[in-house]
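Reminder that position 379 of the sequence shown reads as 379 in the UniProt record's numbering, one-by-one numbering, no gaps. Glycine residues also receive a C-beta, built at the ideal position from the N, C-alpha and C atoms. Before any comments, here is the structure.
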Amino acid sequence: MNKKELKTVLVSTNTSYRFSNLENDQMAGFLRNNGYSIDLYYAHGRDMEDKLNNLPLKYDLYYFSLSFKNYRQCIELSKLIKMNTQAIIVYGGKFSTRYYYDLFNMTKSVDYIIIGDCDYPFQTIIDHIVDGTPTHCSVASINNHKDVEPYHNGKIEYFPAYDYYENDIVKRNVRKEYCIQSKNNVCMGKCVFCTEQKGEPIFKSVQHIVDEIAYVANRFGIKKFFFTDDNLFDPNTNLAKERIKALCLKIQETKLNLVFKCYIKAFTFRDTIEDRELLKLMSNVGFKTIFVGIESGNQEDLDFYNKFTTVEDNYMILSLLNEYGIVPQIGFININPYTTMGKLRKNYEFLTKIGMDNLFMYVCSYMRVYKATPVYHKMIKDGLLITAEWDYFDDQGLYRFVDRQVEEIFNFIKKFMYDRVRNLDYEMDWLLYFYEECFKLNPIAHNFKENLLEIRSAQLERIKNFFYILMVEGNISKAQDNVEEFLKSFEHEQGYLEKIHKDLVNIYVNAPLYC
Numbered sequence: 001m002n003k004k005e006l007k008t009v010l011v012s013t014n015t016s017y018r019f020s021n022l023e024n025d026q027m028a029g030f031l032r033n034n035g036y037s038i039d040l041y042y043a044h045g046r047d048m049e050d051k052l053n054n055l056p057l058k059y060d061l062y063y064f065s066l067s068f069k070n071y072r073q074c075i076e077l078s079k080l081i082k083m084n085t086q087a088i089i090v091y092g093g094k095f096s097t098r099y100y101y102d103l104f105n106m107t108k109s110v111d112y113i114i115i116g117d118c119d120y121p122f123q124t125i126i127d128h129i130v131d132g133t134p135t136h137c138s139v140a141s142i143n144n145h146k147d148v149e150p151y152h153n154g155k156i157e158y159f160p161a162y163d164y165y166e167n168d169i170v171k172r173n174v175r176k177e178y179c180i181q182s183k184n185n186v187c188m189g190k191c192v193f194c195t196e197q198k199g200e201p202i203f204k205s206v207q208h209i210v211d212e213i214a215y216v217a218n219r220f221g222i223k224k225f226f227f228t229d230d231n232l233f234d235p236n237t238n239l240a241k242e243r244i245k246a247l248c249l250k251i252q253e254t255k256l257n258l259v260f261k262c263y264i265k266a267f268t269f270r271d272t273i274e275d276r277e278l279l280k281l282m283s284n285v286g287f288k289t290i291f292v293g294i295e296s297g298n299q300e301d302l303d304f305y306n307k308f309t310t311v312e313d314n315y316m317i318l319s320l321l322n323e324y325g326i327v328p329q330i331g332f333i334n335i336n337p338y339t340t341m342g343k344l345r346k347n348y349e350f351l352t353k354i355g356m357d358n359l360f361m362y363v364c365s366y367m368r369v370y371k372a373t374p375v376y377h378k379m380i381k382d383g384l385l386i387t388a389e390w391d392y393f394d395d396q397g398l399y400r401f402v403d404r405q406v407e408e409i410f411n412f413i414k415k416f417m418y419d420r421v422r423n424l425d426y427e428m429d430w431l432l433y434f435y436e437e438c439f440k441l442n443p444i445a446h447n448f449k450e451n452l453l454e455i456r457s458a459q460l461e462r463i464k465n466f467f468y469i470l471m472v473e474g475n476i477s478k479a480q481d482n483v484e485e486f487l488k489s490f491e492h493e494q495g496y497l498e499k500i501h502k503d504l505v506n507i508y509v510n511a512p513l514y515c
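Below, the structure is given as structure tokens:
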């Protein structure tokens with residue numbers, strides 16, 4: 001058997017058809033370029049029973065990229081493979097890197113786990129199977145998972161495999177978001193809740209990034225590109241801003257009519273002439289949505305999270321983005337185990353001052369605690385963790401609160417509001433940023449703006465009134481009397497918002513590819 005004869009597949013279990021699997025696509029591109037035969041299998045958007053029934057069992061080697069959301073599914077799929085074949089199974093990804101020792105204790109259905117970046121180490125696994133050469137030192141096995149070191153890829157300028165788009169129709173591709181990274185997959189932050197891989201950034205050239213964008217847009221008709229770097233502006237220097245300026249100018253030269261999304265820090269931009277010019281350029285090029293890790297509206301929690309920002313920074317960055325027609329999406333933790341009523345009131349004040357009309361931020365944005373993070377260790381010390389250790393590998397872990405009243409409010413939200421809010425298909429926050437994207441692609445979308453803003457204003461007023469009762473007055477009894485009417489008011493608007501969304505989608509998909 002040679003490396004082309006070994007039947008190898010990289011399996012993806014994403015929940016939405018709109019996204020491919022960046023890690024698997026990158027690895028397939030790397031391996032195919034080096035002469036290896038690699039298949040990609042996408043079990044996207046299916047329930048677990050469907051995934052189990054349809055998983056192909058014809059391969060010699062399977063690779064799964066694990067995350068907090070899919071690791072339980074990947075273990076079940078691995079069990080199925082082992083029950084029916086003699087195949088070898090490999091896990092990779094950030095989750096596997098952080099919890100590889102635990103994974104070997106969880107399941108006997110995995111043979112190898114890669115620590116760190118996976119492309120070259122996975123190649124050494126294939127070589128080991130084919131001709132017996134040693135695997136890379138980042139590859140842990142059942143028999144040896146103590147003496148391993150994470151691998152950090154220094155060579156990242158290769159193009160991914162495009163199977164996910166080549167094997168689909170144009171009508172579906174045009175609604176997909178293409179995920180891309182400007183650097184290696186590391187985070188330079190120090191947040192106490194962070195589970196990301198740390199390390200020094202290695203950057204792709206601006207030309208390489210633009211070449212990839214232009215190819216994908218022209219070949220598949222994709223209009224939206226999502227830079228999934230933890231911070232597009234790492235390492236937060238003036239040189240980083242010059243680099244993104246050069247990127248935007250190169251994109252502008254292509255004359256492509258596209259929209260972009262990225263992540264930044266709350267302190268990325270200041271109220272300076274240079275930063276304003278860059279924001280204007282980014283907006284003109286198509287950055288219409290930027291995700292900002294705001295996390296809190298009170299300084300105590302910002303300090304606790306190690307955000308190295310202030311509440312004033314948070315207000316300023318959101319104001320700057322809005323000024324240049326960029327809709328900010330925010331990461332926010334409204335409630336954590338150390339939240340007091342005073343902190344909760346400050347968070348409510350912040351959210352309502354910035355006009356946050358996304359119910360998710362008030363209802364679903366509580367801290368998820370993951371094993372081995374700094375906050376996890378602190379909560380062990382403080383005796384706040386109350387469920388089994390395994391629950392802290394995803395968002396199943398529960399905890400006590402230091403403030404009894406906050407705990408009662410949290411329990412009320414979870415019991416009466418959480419599921420219904422999560423089941424809302426349409427909410428104004430993302431409808432408004434989708435509107436901005438559509439407007440950039442085709443100005444005819446402007447006809448929807450006034451109507452959207454009217455709905456948003458009415459929703460925001462209801463949000464302010466209800467959560468004032470719950471989070472400022474702390475009156476759970478009164479909130480319970482009003483919660484049904486409050487939630488139904490949003491549920492009843494779903495049909496109308498769905499119609500607006502469909503009309504905007506029509507504008508989006510029919511927008512010209514070139515300016």
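When you compare only the Cα positions, how much space is there between residue i and residue j?
i	j	result
MET428	VAL206	34 angstroms
VAL130	LEU6	8 angstroms
ASN284	VAL311	28 angstroms
TYR305	LEU57	45 angstroms
ILE317	TYR42	38 angstroms
LEU441	TYR435	10 angstroms
ARG400	GLU389	15 angstroms
TYR36	LEU256	34 angstroms
TYR496	VAL505	14 angstroms
ILE213	SER138	32 angstroms
ILE89	ILE125	10 angstroms
GLU437	ASN510	13 angstroms
ASN84	PRO374	41 angstroms
TYR324	LYS288	9 angstroms
ARG345	LEU66	37 angstroms
LYS204	MET367	33 angstroms
CYS187	ASP301	21 angstroms
TYR112	LEU22	21 angstroms
Check the DSSP bridge columns for residue i and list the partner residues they point to.
i	result
SER65	GLY92
LYS224	GLU177, VAL259
PHE203	LYS183
ILE264	VAL292
LYS8	Here residue 8 turns out to be Thr, not Lys, going by the sequence shown. Paired residue(s): ILE38, LEU61.
LEU385	TYR399
TYR514	LEU256
TYR165	Answer is none; TYR165 lacks a bridge partner.
TYR366	ILE335
Quick one: does the C-beta of residue i sit closer than 6 angstroms to a heavy atom of the ligand PLP?
i	result
ASP50	The ligand PLP is absent from the structure shown, which contains no ligands of any kind.
Go ahead and label residue i buried or exposed: buried means 16 or more other beta carbons lie within 10 angstroms of its beta carbon, across all protein chains shown.
i	result
SER457	exposed
HIS377	exposed
LEU351	buried
SER489	exposed
VAL402	exposed
GLU450	exposed
PRO328	buried
TYR215	exposed
GLN459	buried
VAL259	buried
TYR164	buried
Could you have a look at residue i and say whether DSSP puts it in helix, strand or coil?
i	result
GLY35	coil
ILE114	strand
CYS74	helix
VAL402	coil
LEU57	coil
ILE335	strand
TYR433	helix
LEU359	helix
GLU277	helix
PHE19	coil
GLN86	coil
Quick one: give me the first and last residue of the beta strand (DSSP E) that residue i is part of.
i	result
THR289	287-295
ALA140	139-141
Which residue marks the beginning of the alpha helix (DSSP H) containing residue i, and which one marks its end?
i	result
GLY331	Here GLY331 belongs to no alpha helix (DSSP H); instead the beta strand (DSSP E) covers 327-332.
VAL130	119-131
GLY474	Counting along the chain, GLY474 falls outside any alpha helix (DSSP H), and DSSP gives it neither H nor E.
GLU157	First-last for GLU157: undefined, no H or E at that position.
MET341	341-353
TYR392	Unbroken run through TYR392: none, as it is neither H nor E.
ASP303	299-304
ILE507	494-509
ARG422	418-422
ALA458	449-467
TYR315	311-323
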